[in-house]
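Read in order, the letters of the sequence shown correspond to residues -25 to -1, 1 to 174 in mature numbering (1 follows the signal peptide of the UniProt record, and there is no 0). Every residue, glycine too, gets a C-beta built ideally from N, C-alpha and C.
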Amino acid sequence: MKKTSLFAKTALGAAVLLLSLGVQSCKNESKQEDTKEVAEDENEAKFDDVNEAKEEDSDYLVAAAEVDMKEIELGKLALTKSTNNDVKALGKMMVDAHTKSLEELKAAATKMNVSLPASLTEKGQEAYKELNDKNGHDFDKAYADKMVEGHEKMIEKMEKASEKAKEASVRMWAANLLPALRTHLEHAKLTKEKVDAIK
């Protein structure tokens, strides 16, 4: 009787241990942190106690990096999936311009000791998946819509940064970005008009 009891206790203990390890493993697999949140947390830790203004300014750089990475990946998708020359041209413009912008942004972030997202954020991944699931005219329309909407939001954010950022270098950086962003928006709107006109 004692042998059975000891065996039962040992088996029960092993089962509980395996179950708890399995649950922990599942938690670790399902909870993959968003790269934007990681960058923001790192910046908060760096600047929170020392320089609150720098922490606020770092948010503008993080947002710009998020947009740059998303525009690059969506542009590449447009180049491979679209058969519309206007959409392809817009995609190429986005890849070229935002690759250059991201390189400059990384250099500025290094000088300021600001952490940027290391890869496409959760929002960027969702936008990519949503577009990748579409084909033909539906893809072209969705891509053009995203480019108009995304650039309108980014212009608004950079206008705010150019006026309200605490550091002069960040205000100047944001102001210098605006002309290119406005040009991109105009191209996106023209492309959207052409795509919408196709029945």
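Check                                                                                          : Outcome
Beta-carbon proximity of V145 to L36, cut-off 9 Å                                              : yes
Contact check, Y103 vs E41, beta carbons under 9 Å                                             : no
Start-to-end residues for the alpha helix (DSSP H) that takes in I130                          : 111 to 139
Straight-line Cα distance separating V123 from T158                                            : 11 Å
Residue span of the alpha helix (DSSP H) that contains E105, given as start and end            : 97 to 107
Nearest-angstrom Cβ-Cβ length linking L77 and M44, presumed shorter than 8 Å                   : 7 Å
Candidates D34, G125, I173, A143: closest to G111 by CA position                               : I173
Where V37 sits in the DSSP three-state scheme                                                  : helix
Delimiting residues of the alpha helix (DSSP H) encompassing A143                              : 143 to 172
With 16 other Cβ atoms within 10 Å as the buried cut-off, status of residue 218                : In the structure displayed, the chain extends from -25 to 174; residue 218 sits before or after that span and is not available.
Range of the contiguous alpha helix (DSSP H) that encloses A82                                 : 60 to 87
Per-residue burial, E168 [other beta carbons within 10 Å of its own, 16 or more giving buried] : exposed
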